[in-house]
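In the working numbering, the protein residues as written are 25 to 328. Note that beta-carbon positions come from the ideal geometry of N, C-alpha and C, so glycine has one too.
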């Protein structure tokens, strides 16, 4: 199993990106047992970052990760434009700054949700503008709308031999089981982004996790990826699945940034897609309670 986190973007008090703190995040992810990072994604606030910022953030994350361990995976997205020409420019810039795979946002390939033929035709055109040796992936990004892939699209991806990772956000265990069966035996890995269905999806053939909750308790997900067949995995799943409901109703990514403070990495209470005052005392208390429970569960499972 491969367990990846989504990268959050820290800022300085003046609102500029705090690249030094971003590198500290990379260290923290690695030290807590993760296999890699999904850089320049929605958690990174990509729709609120300039291309220059996206490229530099990716460069710093990639270089730091490879300094820690050449096998510490970094996959990267970063294309937010409407036209394929602009998307190609964005993705080529990201690729040149360093990545193990370029991740294509599915709704960018079918902006008006016109159907599979439009998606595949646009994907062909975009890929033709990218480096021929670039490994590729898919991301069913929820913003501005969630464009789920179909069996037909997956078959086309398999036919190219270029796709290696998919961040699945369908949140449907049955669909993921069908997708896993379709991808079985290929180099195209399905990584579930939904923590509530994670254990079931891995037992049904999915290849791991790529989600925001690794910003809160990466060690639990790293353990689950290695022990998903054990009886104790059901306990860990029930806890992490319940924790996952904090994604809704609390001001992520501010909550993740506050949690980094709880873990000893000083981070300003600033995001570009949320207002700072949204991080209320209630939200902080929820994060503190979650960390206390997380620490206790980690000690329990590490005893064996």
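1) With distances taken Cα to Cα, identify the nearest neighbour of residue 77 among 305, 34 and 95.
2) In this structure, does DSSP put residue 116 in helix, strand or coil?
3) I need the straight-line Cα distance from residue 82 to residue 281, nearest angstrom please.
4) Please classify residue 69 as buried or exposed, where buried requires at least 16 other C-beta atoms within 10 Å of its C-beta.
5) Taking DSSP as the reference, what is the three-state secondary structure of residue 62?
6) Rounded to whole angstroms, what's the CA-CA distance from residue 297 to residue 240? Just pull it up for me.
7) Helix, strand or coil for residue 26? Go by DSSP, reduced to three states.
8) Taking Cβ to Cβ, would you say residue 150 is nearer than 7 Å to residue 108?
9) What is the DSSP secondary structure of residue 125, reduced to helix, strand or coil?
10) State whether the segment 297-316 contacts the segment 229-239, with contact taken as three or more CB pairs (one from each stretch) at a distance under 8 Å.
11) Inspect the CB distances between the segment 134-149 and the segment 166-177 and report whether three or more fall short of 8 Å.
12) Opposite residue 192 in the DSSP bridges: which residues?
13) If you draw a straight line from the C-alpha of residue 154 to the C-alpha of residue 160, how long is it?
14) What separation, rounded to the nearest whole angstrom, lies between the Cα atoms of residue 264 and residue 220?
15) In chain order, what residues of the same chain have a beta carbon less than 6 Å from the beta carbon of residue 42, not counting five sequence neighbours either side?
16) So the beta strand (DSSP E) residue 234 belongs to, where does it begin and stop?
17) Taking residue 100 as part of the beta strand (DSSP E), name the residues at either end of that continuous run.
18) For residue 54, I'd like the list of residues in its chain whose CB is within less than 8 Å of its CB, leaving aside the five on either flank, ordered along the chain.
19) Where residue 317 and residue 111 are concerned, what is the direct C-alpha to C-alpha distance, given to the nearest angstrom?
20) Give me the DSSP bridge partner(s) of residue 41.
21) From which residue to which residue does the beta strand (DSSP E) around residue 169 run?
On the basis of the data shown:
1) 34
2) helix
3) 18 Å
4) buried
5) strand
6) 19 Å
7) strand
8) yes
9) strand
10) no
11) yes
12) 216
13) 10 Å
14) 8 Å
15) 34, 35 and 36
16) 232-235
17) 97-100
18) 89, 92, 93 and 96
19) 42 Å
20) 35
21) From DSSP, residue 169 is part of no beta strand (DSSP E); its letter is neither H nor E.
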